[in-house]
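Single-structure report; data block below.
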Amino acid sequence: MGKIHAAITGVHGYVPDYVLTNAELETMMDTNDQWITERTGIKERRILKETDKATSFMGAEAVKGLLEKTNTNPDDIDLTICCTVTGDFAFPDTAQLINSQVGINNAFGFDLVAACSGFLFGLTTGATYVESGRYKKVLVVGADKMSSIMDYTDRSTSIIFGDGAGAVLLEPNEEGIGVKDSLLRGDGVGKDFLRQKAGGSLHPATIETVTNKEHFIFQNGKPVFKAAVKGMSGIVRELMTRNDLNAENVAWVVPHQANIRIIESVARMADFPMEKVMVNIQKFGNTTAATLPLCLWDYESKLKKGDNLILTAFGGGFTWGATHVVWAYDGA
Ligand code: UT7
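Just so you know, we're using my numbering here: the sequence shown kicks off at 20 and counts up by one.
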């Protein structure tokens, strides 16, 4: 028997129908399509408009599609990890809500908070459960309703983010396919540059926190931009070196979709041509924990069994990392 790896045996996504275009943003604040396109690469993003629906709904839709296409019985799922910073409630966690909406009855679940690195951290966490041999079917969901923490008068943040969810199924594989290696990092430094100021136990909600708009996302973009380029390009190179990976034997780089200029800089610094880099930021914007599975979903038909993939992300915390995955099936 070979070593057990966690193979990604399916991926699916969900994005809301409503398309918030740069043209519509122009009517809401002092911005323009040219600035947004040139500075971020984003043309439009999806917004979950229904006020009675939230992150668990999008996660559940992604999971329902995933179970259907992989012919998986919900009762066979052992664990659901929901990576999010916009859970439906502070508690209970969103993973339980997804499980109940999908009809997953024999599993446990938990939420994982690592901002834009959430899915990357969740993938390694889920893979470790599978590698233990005790868990056979693990769901990793990345889902965020970023519009719920967005100030649509703040042009420095609201033009970037969108809503969406993606999910993968992890199953044991003994042929060397699946999640092979990860380098994951975090510090506390990022809290000064990217955070939701109030609503946690340090600053619970008060009339003042609401009036001061402290429940919206706060970001000082420039330092985050620099740290993102440095963090992702450095960790991708480290991962490549220790796994004998290079621009030839890697089929795809799957980067967090925060800004096209960040993605291009990371690709350049790691010596990857953009043809090998997954990009869908133009249509979904930055969906935080959902960007990586939404990329895999979008590019699924192009993927082949045995392809080397490098997933990389950077987000609030700061958190960052890179993961080597050998793809498990032909997409077409
Ligand atoms: O996913 C989690 C991690 N997050 C990220 O990775 C985000 C990293 N940061 C970024 O992507 C970029 O810093 C932003 C897209 C947020 C901002 O782009 P930038 O190139 O850093 O622009 P800036 O903030 O330096 O602003 C340049 C100018 C300023 O005007 P002045 O001071 O030069 O007159 C801004 O006021 O552009 C102005 N500006 C805008 N103009 C039109 C800022 N936002 C806008 C806007 N429309 N939406």
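All residues carry an ideal CB built from backbone N, CA and C; glycine is no exception.
How is the beta strand (DSSP E) around residue i delimited, first residue to last?
i      : result
Glu294 : Neither: Glu294 is in no beta strand (DSSP E) and is coded neither H nor E.
Ile329 : Asn327 to Gly334
Ser102 : Ser is not the amino acid found at residue 102; the sequence shown has Cys there. Counting along the chain, the beta strand (DSSP E) containing Cys102 begins and ends at Leu98 to Cys102.
Asp130 : Phe127 to Leu131
From the DSSP output, in three-state form, read off residue i for me.
i      : result
Tyr37  : strand
Val208 : helix
Phe138 : helix
Arg153 : coil
Asn19  : This structure gives no information on residue 19, because the portion of the chain shown stretches from 20 to 351.
Thr28  : strand
Ser201 : strand
Glu193 : coil
Lys216 : coil
Ile226 : helix
Asp163 : strand
Asp52  : helix
Asp182 : strand
Arg65  : strand
Leu221 : coil
Leu264 : coil
Leu188 : strand
Leu258 : helix
Leu322 : coil
Evaluate residue i with the Cβ neighbour count: other Cβ atoms within 10 Å of its Cβ, from every protein chain shown; 16 or more gives buried, anything less gives exposed.
i      : result
Pro223 : exposed
Phe140 : buried
Asn118 : buried
Lys88  : exposed
Asp182 : buried
Lys232 : exposed
Asn265 : exposed
Val229 : exposed
Ser220 : exposed
Ser151 : exposed
Gly21  : exposed
Met165 : buried
Met47  : exposed
Gly128 : buried
Asp163 : buried
Ile226 : exposed
Arg65  : buried
Asn239 : exposed
Thr172 : exposed
Thr176 : buried
Asn192 : buried
Thr70  : exposed
Asn327 : buried
Thr260 : exposed
Go through its chain and collect everything with a Cβ distance to residue i's Cβ below 7 Å, but skip five positions before and after it.
i      : result
Lys156 : Thr91, Asp95, Ile96, Asp97, Leu188 and Glu190
Val198 : His24, Ala25, Leu142, Thr143, Ala146, Thr342 and Val344
Ser75  : Asp107, Thr113, Leu116, Ile117 and Gln120
Asp49  : Arg174
Asp130 : Cys101, Thr103, Gly106, Asp112, Thr113 and Ala114
Met293 : Glu283 and Ala286
What span of residues does the alpha helix (DSSP H) with residue i cover, start to end?
i      : result
Val272 : Careful: Val272 lies outside any alpha helix (DSSP H), inside the beta strand (DSSP E) at Trp271 to Pro274.
Val381 : Since the first residue of the chain shown is 20 and the last is 351, residue 381 is not available in this structure.
Ile178 : No alpha helix (DSSP H) contains Ile178, which DSSP labels as neither H nor E.
Phe237 : Unbroken run through Phe237 is the beta strand (DSSP E), Ile236 to Gln238; no alpha helix (DSSP H).
Glu80  : Thr74 to Lys88
Tyr318 : Thr310 to Tyr318
Phe303 : Ile300 to Phe303
If I measure Cβ to Cβ from residue i and keep anything under 6 Å in the same chain, skipping five residues before and after, which residues do I get?
i      : result
Ala351 : Ser320
Val243 : Phe212 and Leu213
Ser201 : Thr143 and Thr342
Gly209 : Gly335, Gly336 and Phe337
Val159 : Ile100, Gly141, Leu142, Gly145 and Val187
Asn262 : Asp200 and His343
Ser167 : Thr105
Going along the chain, which residues of its own chain have a beta-carbon closer than 8 Å to the beta-carbon of residue i, five neighbours each way excluded?
i     : result
Gly60 : Asn278, Ile279, Arg280, Ile282, Val298, Ile300 and Gln301
Pro93 : Leu86, Val121, Gly122, Ile123 and Asn124
Within the chosen definition, does the stretch 319-332 reach the stretch 270-280 through at least 3 CB pairs nearer than 8 Å? yes
Taking three-plus beta-carbon pairs below 8 Å as touching, is the stretch 44-62 in contact with the stretch 298-306? yes
Specify whether the stretch 79-93 and the stretch 28-37 touch according to this definition: at least 3 beta carbon pairs, one from each stretch, less than 8 Å apart. yes
Taking three-plus beta-carbon pairs below 8 Å as touching, is the stretch 193-208 in contact with the stretch 31-50? no
Please determine if the stretch 244-255 and the stretch 95-115 are in contact, where contact requires at least 3 C-beta pairs separated by less than 8 Å. no
So does the stretch 279-292 actually touch the stretch 310-317, counting three or more Cβ pairs closer than 8 Å? Too few Cβ pairs lie closer than 8 Å, so no.
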